[in-house]
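FYI, the numbering for the sequence shown is 2 to 170, going by this note's numbering.
The C-beta atom is built at its ideal place from N, Cα and C for all residues, glycine as well.
Given the structure is predicted, the values throughout are model-derived calculations rather than measurements.
Okay, structure first, notes after.
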Amino acid sequence: MLNQKLVDALNEQISFEIYSALIYKAMQAYFAAEDLPGMANWTNIQFQEEMAHAEKLFNFVCEAGGRAKMLALNEPRNEYESPLEVFEIILQHEQIVTGRFNTLMDLAQQEKNHAAQIFLQWFITEQVEEEASVGHIIAQLKRIKDDGRGLLMIDQELAKRVFTPIAAG
Ligand code: FEO
């Protein structure tokens, strides 16, 4: 069973994941308009992953006896200066997400809820991978600077990403 403090914190994270999905969808629209289909694909997969994260949290709250609730979302940013700016914003955003999961884990430890700690471990591991993959793309974008051919090569690479469903609950 989850106590109300944990239910409230997990509910906030469900909506934050959906908000993250919204941010990625806005970025996909920017890349589609910029004729960068690989980056549009990459951000669309990120959108799907964030929705899957929300679903995983939602299922856990329900299964652990909590009452899941949806909260209001902010409008995401829709305009960007460059692909590099987008990926730098993504890294900053994912660092915020990592901090939120660390805080959730601290709370689960304080409340001595072992099931929540085991559940949250998956997200903490996932965040390491998320930050690393975005950091890699940023490094590549910095290396090519304003070289259009280099940008197209990165775009083609990001076109290969596919969505892998995650285990729910
Ligand atoms: Fe749901 Fe990108 O973390």
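**Q.** Neighbourhood of LYS6 by C-beta distance below 8 Å, restricted to the same chain and skipping five residues each side
**A.** To locate residue 6, count along the sequence shown from 1; it is residue 5. Answer for LYS6: LEU108 and GLU112, listed in chain order.
Q | Whole-angstrom C-beta distance between MET52 and ALA22, which should lie under 8 Å | A | By one-based count along the sequence shown, residue 22 stands at place 21. By one-based count along the sequence shown, residue 52 stands at place 51. Yes, ALA22 and MET52 are in contact; Cβ-Cβ is about 5 Å, under 8 Å.
Q. Ligand 1 heavy atoms versus the CB of HIS115: any closer than 6 Å?
A. As a first step, residue 115 must be located in the sequence shown, where it is residue number 114. Every heavy atom of ligand 1 is 6 Å or more from the Cβ of HIS115, so no.
**Q.** Same chain only: Cβ atoms within 8 Å of GLY170, ignoring 5 sequence neighbours per side
**A.** Within the sequence shown, numbered from 1, the residue matching residue 170 stands at position 169. With a pLDDT of only 48 at GLY170, under the threshold of 50, the placement of this residue in the model should not be trusted, and no figure is reported.
Q) Fully enclosed by the region 105-144, which beta strand (DSSP E) runs are 3 residues long or longer? A) none
Q: Tell me whether GLU131 is buried or exposed, calling it buried when 16 or more other Cβ atoms sit within 10 Å of its Cβ.
A: Along the sequence shown, read from residue 1 onward, the residue named residue 131 stands at position 130. Classification of GLU131: buried, given that the 10 Å Cβ count is 16 or more.
Q) Cβ atoms of PHE164 and ILE46: under 7 Å apart, would you say? A) What you label residue 46 is simply residue 45 of the sequence shown in a count that begins at 1. What you label residue 164 is simply residue 163 of the sequence shown in a count that begins at 1. Taking 7 Å as the Cβ cut-off, ILE46 and PHE164 qualify as a contacting pair.
Q: Starting from MET2, trace the alpha helix (DSSP H) both ways and give me its first and last residue.
A: As a working note, residue 2 is residue 1 in the sequence shown. It is not in any alpha helix (DSSP H) - MET2 carries neither H nor E in the DSSP assignment.
Q. Taking HIS94 as the reference, which of LYS146, ARG78 and ALA69 has the closest Cα?
A. Taking the sequence shown and counting its residues from 1, one reaches residue 94 at position 93. It is ARG78 whose Cα lies nearest to the Cα of HIS94.
Q. Quick one: what does DSSP say ASN75 is sitting in, helix, strand or coil?
A. Reading the sequence shown from its first residue, position 74 is the one you call residue 75. Coil, per DSSP.
(Q) Using only Cβ atoms and a threshold of 6 Å, which residues come within that distance of a heavy atom of ligand 1? Order them by chain position. (A) GLU18, SER21, GLU51, HIS54, GLU95, VAL98 and GLU131
**Q.** Limits of the unbroken alpha helix (DSSP H) element including THR44
**A.** Position 43 of the sequence shown holds residue 44. THR44 -> alpha helix (DSSP H) spans 38-64.
Q) Does DSSP put ALA69 in a helix, in a strand, or in coil? A) Stepping through the sequence shown from its first residue, residue 69 is reached at position 68. DSSP places ALA69 in coil when its eight states are reduced to three.
**Q.** Local Cβ density within 10 Å of ASN75, reported as buried at 16 or more and exposed below that
**A.** By one-based count along the sequence shown, residue 75 stands at place 74. By the neighbour-count rule (16 or more Cβ atoms within 10 Å), ASN75 is not buried but exposed.
**Q.** Host alpha helix (DSSP H) of ASP156 (start-end)
**A.** Walking along the sequence shown from the start, residue 156 turns up at place 155. From DSSP, the alpha helix (DSSP H) with ASP156 extends over 149-159.
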